[in-house]
Structures are given as structure tokens and as C-alpha cells.
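Enquirer:
In my numbering, the protein residues as written are 11 to 150.
#1: Which runs of the alpha helix (DSSP H) spanning at least 4 residues fall entirely within the region 23 to 111, listed in chain order?
#2: How close, in whole Å, do the beta carbons of residue 79 and residue 57 come, if the pair is a contact with beta carbons under 8 Å?
#3: To which residues of the same chain is residue 81 closer than 6 Å at the C-beta, ignoring the five residues directly before and after it?
#4: Could you tell me the boundaries of the alpha helix (DSSP H) in which residue 128 lies?
#5: Does DSSP classify residue 142 as helix, strand or coil?
#6: Under 7 Å Cβ to Cβ from residue 74, same chain only, skipping five residues before and after it: list those, please.
#7: Going by C-alpha distance, which of 101, 61, 146, 55 is nearest residue 131?
#8: Determine whether the beta carbon atoms of residue 127 and residue 139 lie at a separation below 9 Å.
#9: Alpha carbon to alpha carbon, what distance is there between residue 71 and residue 117?
Here you go:
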């Protein structure tokens, strides 16, 4: 989640191919941090980017995750500091087939829970994660 490899800059295929509206078709890393996004609908148009592996949405105002579709290659999703208040929104992340790493801190949903309890609950709900909030998920 922290690496910058694969993002645009250097002629690596991020400039579109001239057909079918595939602008940024080879984009691997995208940061939309602190962009005042308030709805998942603002993000949905990029769900078909075939190479997108890392998406940073930290510090936005997204409060709900509908049924997630697309994002077939997304391995890392950062959602720290958004406005999720219901567990169904966390559960929706389970629909992302390649998700291995997530940043899910500073959420209203977790506000009354200790760090240890919130970590256990998040791992239980998102069993495929290998890294949560920068720390490796270890089997017990």
C-alpha cells in the first residue's frame, strides 16, 4: 500500500490507447486522498481499470459502500478517515476479489472500540487480508 511503483509518469502506458475511452488503462496506483469525495459513486468510474492495484481514498467523506463491483486487480485500498458508521460497509469490501491490504482507521464505526478489538473485528470480517493498517495479519 505504501509503494509508488506503477503510477503515471514516465510513459508507462498511462496516456490512453486512443480507443474505447481507455485513458489510464495501465494505471496501477492512484491517490485521491483528501479530495472531498462524499460518495462511492465518485469512485465507481475507475472500477474498470484493469491494472489498478492500489487506491488511496484516505481523508475523504465517503459514508457508505454499496455493492462493490469491478476493481478486479485491487490489492490495496486505503480508506482511513472516511465516515463509515455501519459494519455492512466494511463487509462490502469482501466483494473485492484481490484485496489483501487495507487501511481502515479513524472511522466513526470504530470510535468507541479499542485498537485491539477493532483490529480483531476487522480481520474477522475481512479474512483475506494479509496486512491491516500497515501491520501484518498473523494466523492464530
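The beta carbon of each residue, even a glycine, is placed where N, CA and C say it ideally should be.
Expert: The structure says:
#1: Runs found: 97 to 102.
#2: Start at 1 with the first residue of the chain shown, and residue 79 comes out as number 69. Start at 1 with the first residue of the chain shown, and residue 57 comes out as number 47. The Cβ separation is near 6 Å, so the contact holds.
#3: As a first step, residue 81 is located in the chain shown; it is residue number 71 there, counting from the start. So the qualifying residues of the chain are 57, 106.
#4: Within the chain shown, numbered from 1, the residue matching residue 128 stands at position 118. From DSSP, the alpha helix (DSSP H) with residue 128 extends over 125 to 135.
#5: Indexing the chain shown from 1 puts residue 142 at position 132. In the structure shown, residue 142 sits in a strand (DSSP, three-state: E or B).
#6: If you number the chain shown from 1, residue 74 lands on position 64. Counting only Cβ-Cβ distances below 7 Å, and skipping sequence neighbours, we find 50, 99.
#7: By one-based count along the chain shown, residue 131 stands at place 121. It is 101 whose Cα lies nearest to the Cα of residue 131.
#8: Locating residue 127 in the chain shown gives position 117, where the first residue counts as 1. Locating residue 139 in the chain shown gives position 129, where the first residue counts as 1. For residue 127 and residue 139, no; Cβs fall outside 9 Å.
#9: Residue numbering aside, residue 117 sits at position 107 when the chain shown is read from its first letter. Residue numbering aside, residue 71 sits at position 61 when the chain shown is read from its first letter. Cα to Cα, the separation comes out at about 10 Å.
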